[in-house]
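Have a look at the structure below before the remarks.
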Amino acid sequence: MRSGRPPLTVGTWGDISTLRMPNGSWRARSRYRDYDGTVSQIARFRPTKTEAVSALKLAITERQDPTASAVTGHMRVTALIEVYLEDVAARASLAPSSRERYVKLAADLVRPGMGDLQVREITVPAINRFLAAIARKHGYATAKLTRSVLSGMVQLAIDHGALRDNPVRQARRLEAPRRQSPRALTVAEHAELLAKASADHKAREMDLVDLIEFLSATGSRIGEASAVRPRYLDLDAGVVEITATATDGGIQEWTKTDAGWRVLALPPHVVATLRRRIADPAINTDEVLFPSPLGRVRNRSNTTGELRRLFDRIGFDWVTSHTFRKTVATRLDEAGISARQIADQLGHRNPSMTTDVYMGRKTTVAAAAEILARPTAGADV
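So in full-length UniProt numbering the end of the sequence shown lands on 381, straight run, no missing numbers.
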């Protein structure tokens, strides 16, 4: 009967042998039995005997986990990011706008901030330092979303067996800055802002004036206004249907929330503005009513930046696009419009379950069109 050494257990290796090579380097070698039962020789070469043995043990460790072929604890975070981006691209449930944000944050912030670390070096202290730096430089909201992206990357490493726990969950919680209560424009300020914006050469060049008129008369979000298309407009009836959102990558065929779909009444001055735009051959309104100066769907981030620079130029550095939403809500509230109807106008979620269940939603607040008529210079505060 033939005898010999007993077979290696699956996932284990034999004795490590070392040999000094003619060129002076060292080879460390061992037999390893893989998870499919095959036995192979694994060797590593390094300048010293100790380094060669260490390199061999590391190679064997990485072979031990059959799920670790894509992600290992010793790979760089830069490589993990590539695996994460492939995972994000494959997730059909993600909205295009969310996918764009995750990809941008992983590439623009996580890669330069943590890319040179090994996956196993993603520790609580490293995460705390990284997120604190992001918060200082880019703000709380960006840091909070970056934390979610980083947590997703680490979870992917856990799924591949490269890590056991998610240190992002143990990292220090980000402290949100105290938020000042949103301020609405007074009637006089609103009139002044519209007048100054209309007189601003750059604003006219970037075709921002009509967009501002629409935002301040409807309370719609920038993405919603940028996605309004002629087929969802009835100028004879003076209404517009909000059905989609423009993102940094084009039109997303749904609104931010289910409550975002709505029909809004348009004040007469906005109806006149839209008629003028549609009739103007210099403005390409075939696809959307408020295209970019190049005639394409507006990039939301670029448009936000253009508005920011405009408001700074004309002396309204505290105003953002959301100021118009606050202003619309304030005007409607002052006119006695109910909270439920104001929520409908802005596309907010339910003011309460009672009103949502027992009262009709998604109807035009006809009185809003009159209340939100364009303010004129010299109006009362």
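Note that CB positions come from ideal geometry on N, CA and C, so glycine has one too. For clarity, every value in this text was computed on a predicted model and none was experimentally measured.
Environment of residue i [buried if 16+ CB atoms lie within 10 Å]
i: Pro291; result: buried
i: Ser17; result: exposed
i: Leu19; result: exposed
i: Met114; result: buried
i: Ser321; result: buried
i: Val240; result: buried
i: Pro267; result: buried
i: Arg44; result: buried
i: Gly223; result: buried
i: Thr9; result: exposed
i: Thr48; result: exposed
i: Ser93; result: exposed
i: Pro7; result: exposed
i: Ala246; result: buried
i: Leu289; result: buried
i: Met1; result: With a pLDDT of only 43 at Met1, under the threshold of 50, the placement of this residue in the model should not be trusted; the figure read from the coordinates follows. Per the 10 Å Cβ criterion, exposed.
Separation of residue j from residue i, as counted between CA atoms
i: Arg33; j: Glu253; result: 53 Å
i: Arg309; j: Ala126; result: 35 Å
i: Phe324; j: Asn128; result: 36 Å
i: Val124; j: Arg147; result: 12 Å
i: Ile60; j: Trp13; result: 8 Å
i: Gly152; j: Glu121; result: 16 Å
i: Val187; j: Arg277; result: 26 Å
i: Ala195; j: Leu145; result: 37 Å
i: Thr354; j: Arg262; result: Only weak support exists for where Thr354 lies, its pLDDT of 23 falling under 50; the coordinates are left without a value.
i: Arg221; j: Ile242; result: 10 Å
i: Arg101; j: Asp108; result: 10 Å
i: Thr218; j: Arg313; result: 24 Å
i: Leu174; j: Val149; result: 15 Å
i: Arg46; j: Val168; result: 35 Å
i: His269; j: Met206; result: 21 Å
i: Leu117; j: Gly238; result: 58 Å
i: Ser40; j: Leu105; result: 42 Å
i: Asp234; j: Ala265; result: 10 Å
i: Leu193; j: Phe311; result: 8 Å
i: Ala90; j: Glu287; result: 29 Å
i: Leu85; j: Tyr140; result: 23 Å
i: Pro293; j: Arg76; result: 42 Å
i: Thr78; j: Phe130; result: 15 Å
i: Lys326; j: Val319; result: 11 Å
Unbroken alpha helix (DSSP H) run spanning residue i, endpoints
i: Ser216; result: Val209 to Thr218
i: Ser321; result: Ser321 to Glu334
i: Val270; result: Pro268 to Ala279
i: Gly305; result: Arg300 to Arg313
Beta carbon proximity, residue i to chain B, threshold 7 Å
i: His138; result: Of the protein chains in the structure, only one exists, and it is not chain B.
Contact test: residue i Cβ vs the ligand COA heavy atom, cutoff 6 Å
i: Ala106; result: The ligand COA is not among the ligands present in this structure, which contains no ligands whatsoever.
Bounding residues of the beta strand (DSSP E) (the contiguous stretch that carries residue i)
i: Arg20; result: Ser17 to Arg20
i: Ser40; result: Val39 to Arg46
i: Ile242; result: Val239 to Ile242
(request) Check whether the stretch 271-287 touches the stretch 202-216, counting contact only when three or more Cβ pairs, one atom from each stretch, lie closer than 8 Å. (result) yes
(message) Please give the ranges of any alpha helix (DSSP H) in the UniProt domain "Core-binding (CB)" (75-158), keeping only runs that are unbroken, at least 4 residues long and fully inside the region.
(response) 77-90, 96-105, 111-114 and 124-138
(request) Tell me, please, whether the stretch 153-164 touches the stretch 72-80 by the rule of three or more beta-carbon pairs shorter than 8 Å. (result) yes
(request) Give a yes or no on contact between the stretch 297-305 and the stretch 158-172, applying the rule of three or more CB pairs nearer than 8 Å. (result) no
(message) Under 8 Å, with one C-beta from each stretch per pair, do the stretch 327-337 and the stretch 199-209 reach the 3-pair mark?
(response) no
(message) Measuring CB atoms only, is the stretch 276-288 touching the stretch 127-144, in the sense that at least three cross pairs come out at less than 8 Å?
(response) no
(request) Determine contact between the stretch 41-57 and the stretch 21-30, defined as no fewer than three beta-carbon pairs at a distance below 8 Å. (result) yes
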